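Novice:
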Amino acid sequence: MGLGCAGKCGMIFLIVLNVLFMLLGLALLILGILMQVNVDVISDEIMPLLQQLTFNGLNLGDLANGLSITFIVFGAFVLTISAFGAFGACCQKRICLVVYAIVVAIFFIGKLVAVILWFVMNDKLQSFLKSELQSQLDNNYKNADLTSHEISTAWNYLFMQLSCCGVEAVTSSTTGFENSYWKANNAASDNIPIFCCSGVTADNYASTTNTACTQSVTSSYNTKGCYDAVYDKLSSYTTGFIVVGVIVLLVEVRVIINKNDNSCVK
Numbered sequence: 001m002g003l004g005c006a007g008k009c010g011m012i013f014l015i016v017l018n019v020l021f022m023l024l025g026l027a028l029l030i031l032g033i034l035m036q037v038n039v040d041v042i043s044d045e046i047m048p049l050l051q052q053l054t055f056n057g058l059n060l061g062d063l064a065n066g067l068s069i070t071f072i073v074f075g076a077f078v079l080t081i082s083a084f085g086a087f088g089a090c091c092q093k094r095i096c097l098v099v100y101a102i103v104v105a106i107f108f109i110g111k112l113v114a115v116i117l118w119f120v121m122n123d124k125l126q127s128f129l130k131s132e133l134q135s136q137l138d139n140n141y142k143n144a145d146l147t148s149h150e151i152s153t154a155w156n157y158l159f160m161q162l163s164c165c166g167v168e169a170v171t172s173s174t175t176g177f178e179n180s181y182w183k184a185n186n187a188a189s190d191n192i193p194i195f196c197c198s199g200v201t202a203d204n205y206a207s208t209t210n211t212a213c214t215q216s217v218t219s220s221y222n223t224k225g226c227y228d229a230v231y232d233k234l235s236s237y238t239t240g241f242i243v244v245g246v247i248v249l250l251v252e253v254r255v256i257i258n259k260n261d262n263s264c265v266k
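Quick note on full-length UniProt numbering: the sequence shown kicks off at 1 and runs consecutively.
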């Protein structure tokens with residue numbers, strides 16, 4: 001049976017759309033592979049701290065490391081399903097389009113549930129992680145060096161690498177270290193560690209003195225809180241992924257509707 005005008009338009013639409021999504025899936029796949037091979041989203045020095053943070057059994061450190069895997073899996077899925085849909089439309093295989101529409105519908109429902117859960121859980125998750133991060137700072141930040149204590153070392157690398165300090169934004173009156181083990185036991189009576197000061201590196205921290213930063217907290221210190229710094233770091237990788245996901249979500253609705261235009265495909 002031949003295709004009517006609507007059927008031909010629908011077929012062309014599906015072919016073009018799925019070719020574009022094949023390219024998108026390939027791009028995500030390549031990006032994930034490059035991240036896996038060459039890029040550390042969060043450095044190994046910071047990872048011991050993030051691995052102390054869990055929410056409903058999910059480990060923040062593992063989630064950070066898993067971003068590249070997420071890109072690879074999502075990219076491979078989009079590439080495969082798009083190729084299947086393009087083949088079905090191009091070759092006018094009704095069974096392929098039916099299977100394609102079913103898979104897309106299931107995928108759509110799954111992503112819709114994920115988006116709803118994200119909006120429902122986001123505030124609770126952020127509040128929980130801030131609280132857990134502050135607890136780690138209070139109880140497990142003990143030394144302003146890079147050798148004596150694993151969690152302290154992770155904090156210090158976090159301060160340097162992400163140019164942050166404490167958990168939330170630091171001011172001269174509120175540093176976030178007030179109730180910490182380190183504040184109660186540091187001999188220099190510093191209010192923030194030297195690693196929170198601008199220009200401090202792993203090579204020069206031991207020889208650097210800056211009382212305007214560490215004691216009076218009036219200049220040359222990282223004002224940004226480390227929670228926001230980590231969040232921004234992860235967001236720099238995930239924002240594009242989320243945008244793509246939303247676009248795919250919206251287009252999937254059109255694809256499901258458009259399937260009816262191909263009802264005369266063999």
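Just so you know, even glycine gets a beta-carbon here, dropped at the ideal spot from N, CA and C. Model, not experiment: these values are computed from the prediction.
Give me, in chain order, the residues of the same chain whose beta-carbon lies closer than 6 angstroms to that of Lys183; leave out the 5 immediate sequence neighbours on both sides.
Specialist: Phe177.
Novice: Beta-carbon separation of Phe21 and Val98 under 8 angstroms?
Specialist: The answer is no: Cβ separation not under 8 angstroms.
Novice: Looking only at DSSP bridge pairs, what is Cys197 linked to?
Specialist: Per DSSP, Tyr221.
Novice: Using DSSP bridges, identify the partner residues of Thr54.
Specialist: The partner list for Thr54 (beta bridge, DSSP) reads Asn59.
Novice: Do Gly110 and Gly75 have their beta-carbon atoms positioned less than 8 angstroms apart in this structure?
Specialist: In this structure, Gly110 does not lie closer than 8 angstroms to Gly75 by Cβ.
Novice: Whole angstroms are fine: how far does the CA of Cys96 sit from the CA of Val265?
Specialist: Annotation note: pLDDT 45 at Val265 (below 50); position unreliable, no value reported.
Novice: Using CA atoms only, rank isn't needed, just tell me which of Leu28, Leu158, Asp232, Phe128 is closest to Ala202.
Specialist: Closest option to Ala202, Cα to Cα, is Leu158.
Novice: Could you spell out the range, first to last residue, of the alpha helix (DSSP H) harbouring Ser189?
Specialist: Ser189 -> no alpha helix (DSSP H), and no H or E assigned at all.
Novice: In terms of residues, what are the limits of the alpha helix (DSSP H) holding Phe77?
Specialist: Residues 67-90.
Novice: At which residues does the alpha helix (DSSP H) containing Thr153 begin and terminate?
Specialist: Residues 150-161.
Novice: Using 8 angstroms as the cut-off, can you tell me whether the segment 152-169 makes contact with the segment 124-134, which would need three or more C-beta pairs spanning the two stretches below that distance?
Specialist: Touching, per the Cβ criterion.
Novice: If you follow the alpha helix (DSSP H) that Cys213 is part of, which residue opens it and which one closes it?
Specialist: Cys213 -> alpha helix (DSSP H) spans 211-214.
Novice: Grab me the residues of Ser82's own chain with a C-beta within less than 7 angstroms of its C-beta, minus the 5 sequence neighbours each way, in chain order.
Specialist: Cβ neighbours of Ser82 beyond the five flanking positions: Asn18, Phe21, Met22, Gly25.
Novice: Sorted by chain position, which residues of the same chain lie with C-beta nearer than 6 angstroms to Phe107's C-beta, five sequence neighbours on each side aside?
Specialist: Around Phe107: no qualifying Cβ.
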